[in-house]
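Chemist: The structure follows.
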Amino acid sequence: MDIEFHYYVTYLTSVIAGFDPDSAYVIAYSSQYVDDNDITFEINGDTTYENYISQTFNITKPQGKLQRIYSLFHFIPGEAEQYSREITKDEYPTLTTTPNSIYANQMIDKALESGNLYRIGLAAHAYLDTWSHQNFIGTTDSYNSKSFLNPLNLCHANAGHKPDRPGLVWEDNRLINSEIDNNKRFLEAISYLYDKLSNQTNSSINKSNKERLITDIEEIIYNEDTKEFRIDKYKELALKDIYSGKRIPDYNKFKWFNEAICEDYPEERTIEIFYQDFNLKDAFFKDYTWADHDNYEDTHWYKFQKAVKDHQEMMIDILDELLDEVKDMDEW
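When we follow this note's numbering, the leftmost residue of the sequence shown carries the number 164, and every step to the right adds one.
Pasting the structure below:
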């Protein structure tokens, strides 16, 4: 999924499930920032702090050496008996993503148990992606390739951004029934996320509120043709009392970083060398310092980065034996 569901719809789902608007914002921002947290920084203070990344620069042109990220943050594996019976491939690799898998449930349940809003947002991102990324695997494997003419085989690079876009009907010719309606997948995902979040808040929100959420989102994604119009509609929904009646803050991927760090976020520049994209922002050798040396641990950016490390440790523990085969790969 992309920013529409990872940020705007996750925010709406969180508030109607019983989270206050400020908490819902942290959950939603964390959920979307998983895709934008793609630079490793060294922050110099009394001691040097280094963050982990949760995404590479471009999922359609990924960096192979960082494959560990995908199965922990974007392509949560499922169990063998959950794999689609419609797929035409002869075998199902161990790490194939399946919607609402036992491992995805363990992930989001543990995040909710922690009560940490940043971890909840991270887990919500990965949980929703088990629907949009189903039948793909978060490593390099021919299983991912839809076409011999375009044999990209890392994650869903061969399918481009099609699995992540609301309102899109597309063909996955690896399947016997190849037509994929993203809206159906996405609405089911939000329904399950609502259940998880409302159980956490112990709110009195009832079944009618869940039905209202699904109906409202369904009306938008089936009737609005462009991303911009859909986002405007999500913002309008937030102003209704049932969704807290407060404006959704515009998403700015630099906001949390700029609040925590003195120096500007590096400008994005990409060049192509021998048909491979190189992102020059990763090559900037620049000193970064905390804006507030005494209170940096209270910033959203630091709390998010700590949650990334906690999430990675948790997922390695949850997946355990499943990861053995990728730990031996050069790309791990």
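Even for Gly, the Cβ is constructed at its ideal location relative to N, Cα and C.
Would you list, in sequence order, the uninterrupted alpha helix (DSSP H) runs of no fewer than 4 residues that lie entirely inside the region 329-368?
Modeler: Qualifying alpha helix (DSSP H) stretches, in chain order: 345-364.
Chemist: Three-state secondary structure (DSSP) at Y414?
Modeler: In this structure, Y414 counts as coil in the three-state DSSP scheme.
Chemist: Taking the straight line between their C-alpha atoms, what separation do you get for G408 and D395?
Modeler: Going by the C-alpha atoms only, they are around 15 Å apart.
Chemist: Looking at the structure shown, is I202 part of a helix, part of a strand, or coil, going by DSSP?
Modeler: Correct three-state label for I202: coil.
Chemist: Of the residues W453, L486 and D483, which one's Cα is nearest the Cα of E213?
Modeler: If we check each option's Cα against that of E213, W453 comes out closest.
Chemist: The beta strand (DSSP E) spanning T173 covers which residue range?
Modeler: Segment T173 to I179 is the alpha helix (DSSP H) holding T173; no beta strand (DSSP E) there.
Chemist: Per DSSP, what are the beta-bridge partners of N207 in this structure?
Modeler: Per DSSP, T211 and T452.
Chemist: Write down the C-beta distance between E242 and S217 rounded to the nearest angstrom, noting that I regard them as a contact closer than 8 Å.
Modeler: Not confirmed; about 24 Å, so no contact.
Chemist: Along the alpha helix (DSSP H) that carries Y406, what are the first and last residues, could you check?
Modeler: No alpha helix (DSSP H) contains Y406, which DSSP labels as neither H nor E.
Chemist: Specify, as a first and last residue, the run of the alpha helix (DSSP H) that S264 falls within.
Modeler: Where S264 is concerned, there is no enclosing alpha helix (DSSP H), given that its DSSP letter is neither H nor E.
Chemist: Within its chain, find whatever has a CB closer than 7 Å to the CB of E205; leave out the 5 residues flanking it on each side and keep chain order.
Modeler: T211, E213 and Y451.
Chemist: Compute the Euclidean distance between the alpha carbons of T303 and L486, then round it to the nearest angstrom.
Modeler: One C-alpha to the other measures close to 14 Å.
Chemist: Go ahead and label L215 buried or exposed: buried means 16 or more other beta carbons lie within 10 angstroms of its beta carbon, across all protein chains shown.
Modeler: What sits at residue 215 in the sequence shown is Tyr, not Leu. It counts as exposed.
Chemist: Need the endpoints of the alpha helix (DSSP H) that E460 sits in, please.
Modeler: Premise fails: E460 is in no alpha helix (DSSP H) and is neither H nor E.
Chemist: What number of angstroms, rounded off, separates the C-alpha of V471 from the C-alpha of D201?
Modeler: Looking at the two C-alpha atoms, the distance is approximately 12 Å.
Chemist: Let's test the definition: count the other Cβ atoms within 10 Å of the Cβ of E167 and tell me whether it reaches 16, buried, or not, exposed.
Modeler: Answer is buried; the Cβ neighbour count reaches 16.
Chemist: If you draw a straight line from the C-alpha of D272 to the C-alpha of K359, how long is it?
Modeler: Going by the C-alpha atoms only, they are around 8 Å apart.
Chemist: Nearest to L338 by alpha carbon, out of I380, R375 and F299?
Modeler: Measuring from the Cα of L338, the nearest candidate turns out to be F299.
Chemist: Here's a check: name, in chain order, each residue in its chain whose Cβ is nearer than 6 Å to the Cβ of A352, leaving out the five neighbours to either side.
Modeler: These residues qualify, in order along the chain: L291 and W294.
Chemist: Restricting to Cα atoms, I'd like to know which of M270, A267 and I239 is closest to T259.
Modeler: Closest option to T259, Cα to Cα, is I239.
Chemist: Specify the secondary structure class of T219 as computed by DSSP and reduced to three states.
Modeler: Reduced to three states, the DSSP call for T219 is coil.
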